[in-house]
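Colleague: Take a look at the following structure, please.
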Amino acid sequence: MNPPPTEPNAWLDQYLRLLARFFERQPGDFPLNALMADLQEAWLRAVACWQAAPGRYAAIQEQWQSALLQFHHSVAAHQPQPLNAVTDLKHLHRELGSCLRTMIGETPGLPTSDKRLLGFGVRHLLNALAPEHWPLANQEVLMTAFATNGASFAQGMQNFYQDMADSVAGLDVKTAAKDDFVLGETLAASAGEVVFENELFQLLQYYPCTQEVLPVPLLIVPPWINKYYVLDLNPADSFVQWAVRQGHTVFMMSWVNPDASHADLGLDDYLVRGAIEAVTAVAGLSASPRINVAGYCIGGFLAACAAAYLADGRENKIASLTLFNTMLDFSEPGDLGVFLSDRMLTALADHLQAQGILDGRIMRQAFTMLREDRMFWPYVVNNYLLGKAPEPNPVLYWNRDATNLPRRMLTEFLRDMYRNNALRNSGSYTLAGRAISLDQVAVPVYALACRNDHIIPWQSAYNSTLLLAGDVRFVLSDSGHVMGVVNPPNKRQSGYWYAGVGRDATDADTWLAGAVRREGSWWPHWQAWLADRQSGRVAARFPGAGGHIIERAPGRYVKNTL
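The following block contains the structure:
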């Protein structure tokens, strides 16, 4: 290892071929092509920085040369059984990671965006080179191969070729099979009815399980980049069933899975014909002047926009707002920033113009690349090297049940939010002809973020609440984007932090320093917060009381799969 290299593209070309081998089905596909070009430019800028100050890397060179020499000596000592040097190979891999991360982190004059992009690339390289991902350096793989007389390898190759045939972009490694679960039976099985629908969503109302219920009904606005039933998994993990048992009248939006005919749906459609129409329908069906609204991820973004849209007291039907992993201030997008370069967005725009939609499986692959250590490589080893099938997992099954994204909506969202940060920076941002000013949202807000969220950084979720005018209770769950939300009390998978009655701190780290940690699920904490804002009970509300039943839940929209 001798930085700065005389031929920087030689190292990069090797890395890009490796990346392409594992993540790309067709090298010309737009996401990886744009990412490769971005990586190449960032690498060349880093090389220029290194060449301007070569003395800074003497210690790194010495560390790497020492590790290489130690490894060569160890392999020679183990001859003629070099496989005994696996421990030394792992040590060499750790040293490689240390050197590369130090090189990038300590490069003077390199923009933060380049450091993030190169760090992303190095992480993928290190995972690809990890000894446990090599057949001859993984003891379990070797023992399984010997025990099965090679049948595990043969089955693994069959699994690989099948996954390649099924992949739309990249190598889409199966984490769950299509027949692991059945919607309406083993997942999304809470009893309810579809009580309203339009071309954009179906509205589900769930049957009560108590004779009396809380007076204010609850509408859940899920993200439309995934199916709603992450909040209605199997009965033990269903937030919907738990909320019904607490006495809530629960309504759920189930978004349509768009096709090319929906290409021109925009954010204003999702707001007015989606969230606003759902709020109006719930208020009418439940005969309640005001309702509680909970939004998850981009569904939380839409719920907050709806609250701002309806801030005029003459129209406002929203009594409170619950935001799960929601970003309204896009100043720091986290790991997703590697996909937001000008080149990537231009390539995406060209693709959307031609196709009308973004295939949901491409989006899923992008999210997989953000957590390849958990969502890709373990399944490469399990499916291809061990020749096994993945274990049935309801969350991973839901994750594979991808949804498409319309051209206009996605273009607007990336431009207005991720690039222009319009909700924070623009005093004149409008949707459907009306100003969306978050400082007009004065209803009580419960905002949940997740400390290990790789999609919505929890600090960004905290900063987002500073844009709201109402009394905000901020809570931080000790898990990731999904499992931090799907955290039923009976399992006690993780804890959470809370502080006071609002967001007294002006920055996230100060808030955390003063927060109190509690073990267990945040669900009862949220229930107490919401119950305290309404009094008494009313007779249970049943779906179809006014004759509005279209079909049984979960409805047909959610069953439209790719």
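Numbering (our numbering), first residue to last: 65 to 626. Virtual Cβ for every residue (Gly too), placed ideally from N, Cα, C.
Does the separation of the CB atoms of T239 and N463 fall below 8 angstroms?
Modeller: Against a cut-off of 8 angstroms, the Cβ pair of N463 and T239 comes out as a contact.
Colleague: Can you grab the Cα-Cα spacing for the pair M439 / W575, in whole Å?
Modeller: Going from the Cα of M439 to the Cα of W575 covers about 31 angstroms.
Colleague: In chain order, what residues of the same chain lie with their CB nearer than 8 angstroms to the CB of D627, ignoring the 5 residues before and after it?
Modeller: Since the first residue shown for the chain is 65 and the last is 626, residue 627 is missing from the structure and cannot be characterised.
Colleague: Ignore the nearest five residues each way along the sequence and tell me which others in V549's own chain have a CB closer than 6 angstroms to its CB.
Modeller: Answer for V549: F388, listed in chain order.
Colleague: Helix, strand or coil for R515, going by three-state DSSP, please let me know.
Modeller: Coil, per DSSP.
Colleague: Quick one: what does DSSP say G256 is sitting in, helix, strand or coil?
Modeller: Strand.
Colleague: Under three-state DSSP, which class holds S318?
Modeller: It is a strand residue.
Colleague: I need the straight-line Cα distance from G401 to A141, nearest angstrom please.
Modeller: Whole-angstrom Cα-Cα distance: 46 angstroms.
Colleague: Expressed to the nearest angstrom, what Euclidean distance is found between the alpha-carbon atoms of H137 and L160?
Modeller: The alpha-carbon atoms of H137 and L160 are separated by roughly 17 angstroms.
Colleague: Rounded to the nearest angstrom, how far is the Cβ of T386 from that of A358, given a contact under 8 angstroms?
Modeller: 4 angstroms between Cβ atoms; contact.
Colleague: Would you list the residues sitting across from P470 in a DSSP beta bridge?
Modeller: Answer is I421.
Colleague: Apart from the five residues on each side of it in sequence, which residues of its chain come closer than 8 angstroms, Cβ to Cβ, to R428?
Modeller: Same-chain partners within the cutoff: D236, N463, R464, A466.
Colleague: Identify every run of the alpha helix (DSSP H) within the region 430 to 492, keeping only runs that are complete inside it and at least 4 residues long; order them along the chain.
Modeller: 436 to 439, 441 to 444, 458 to 464, 471 to 477, 486 to 489, all fully within the region 430 to 492.
Colleague: Taking the alpha-carbon positions, what's the D414 to M408 distance?
Modeller: About 10 angstroms.
Colleague: Should the region 277 to 297 be called in touch with the region 593 to 606, which here means at least 3 C-beta pairs below 8 angstroms?
Modeller: The answer is yes - the region 593 to 606 touches the region 277 to 297, with three or more Cβ pairs under 8 angstroms.
Colleague: Can you have a look at F210 and say buried or exposed, based on whether 16 or more other CB atoms are within 10 angstroms of its CB?
Modeller: Exposed: under 16 other Cβ atoms inside 10 Å.
Colleague: Residue range of the beta strand (DSSP E) that V580 falls in?
Modeller: V580 -> beta strand (DSSP E) spans 580 to 582.
Colleague: Measure how close the beta-carbons of W522 and A513 come, nearest whole angstrom, since I'm counting them as under 8 angstroms.
Modeller: Their Cβ separation, rounded to whole angstroms, is 4 angstroms, which keeps W522 and A513 in contact under 8 angstroms.
Colleague: With the cut-off set at 8 angstroms, would you say H612 and V308 are in Cβ contact?
Modeller: It is not a contact, given that the beta carbons lie outside the stated cut-off.
Colleague: Quick check: the region 577 to 591 against the region 219 to 229, are at least 3 beta-carbon pairs closer than 8 angstroms?
Modeller: Result no; under three Cβ-Cβ pairs closer than 8 angstroms.
Colleague: Can you grab the Cα-Cα spacing for the pair V314 / L282, in whole Å?
Modeller: V314 and L282: Cα-Cα distance of roughly 5 angstroms.
Colleague: Assuming L495 and T208 make a contact with CB atoms under 8 angstroms, what is their CB distance in whole Å?
Modeller: Contact flag wrong, Cβ pair sits at about 55 angstroms.
Colleague: Going residue by residue through the region 519 to 568, where are the continuous alpha helix (DSSP H) segments of at least 4 residues, counting only ones entirely within it?
Modeller: For the region 519 to 568, whole alpha helix (DSSP H) runs of length 4 or above, ordered along the chain, are 522 to 529.
Colleague: Could you tell me whether the Cβ atoms of H157 and L206 are closer together than 8 angstroms?
Modeller: Cβ distance not < 8 angstroms, so H157 and L206 don't count as in contact.
Colleague: Hey, V479 and A327 are a contact pair by Cβ (cut 8 angstroms); roughly how many whole angstroms apart?
Modeller: Per the sequence shown, the amino acid found at residue 479 is Arg instead of Val. Not confirmed; about 16 angstroms, so no contact.
Colleague: Under the assumption that A15 contacts P95 (Cβ atoms under 8 angstroms), give the Cβ distance between them as a whole number of angstroms.
Modeller: The structure shown does not extend to residue 15, since the chain spans only 65 to 626, so no value can be given for it.
Colleague: Pull up the distance between the alpha-carbon of G619 and that of Y562, whole angstroms please.
Modeller: In a straight line, the C-alpha of G619 is about 37 angstroms away from that of Y562.
Colleague: Report buried or exposed for K242, applying the criterion of at least 16 other Cβ atoms within 10 angstroms of its Cβ.
Modeller: By the 10 Å Cβ count, K242 comes out exposed.
Colleague: What whole-angstrom Cβ distance do V505 and A371 have, given they're in contact under 8 angstroms?
Modeller: Yes, they are in contact, since the Cβ atoms of V505 and A371 sit about 5 angstroms apart, within 8 angstroms.
Colleague: Rank E436, A215, V150, L181 by C-alpha distance to the C-alpha of A658 and give the top, closest one.
Modeller: Because the chain is modelled from 65 through 626, residue 658 falls outside the range shown and cannot be assessed.
Colleague: Out of curiosity, what's the CA-to-CA distance linking L200 and S216?
Modeller: Cα to Cα, the separation comes out at about 14 angstroms.
Colleague: Helix, strand or coil for G92 per DSSP?
Modeller: No answer about G92 holds up, because its pLDDT of 39 lies below 50 and its placement is not dependable.
Colleague: Taking C-alpha atoms, which residue in G600, M391, I340 lies nearest to G311?
Modeller: Checking every option, the nearest Cα to that of G311 belongs to G600.
Colleague: If contacts are defined as beta-carbon pairs under 8 angstroms, then V622 and V546 qualify, I think. What distance do you get, rounded to the angstrom?
Modeller: The Cβ separation is near 17 angstroms, so there is no contact.
Colleague: Alpha carbon to alpha carbon, how far is Y461 from A617? Give it in angstroms, no decimals.
Modeller: A617 and Y461: Cα-Cα distance of roughly 19 angstroms.
Colleague: List the DSSP bridge partners of G359.
Modeller: The partner list for G359 (beta bridge, DSSP) reads V285, L387.
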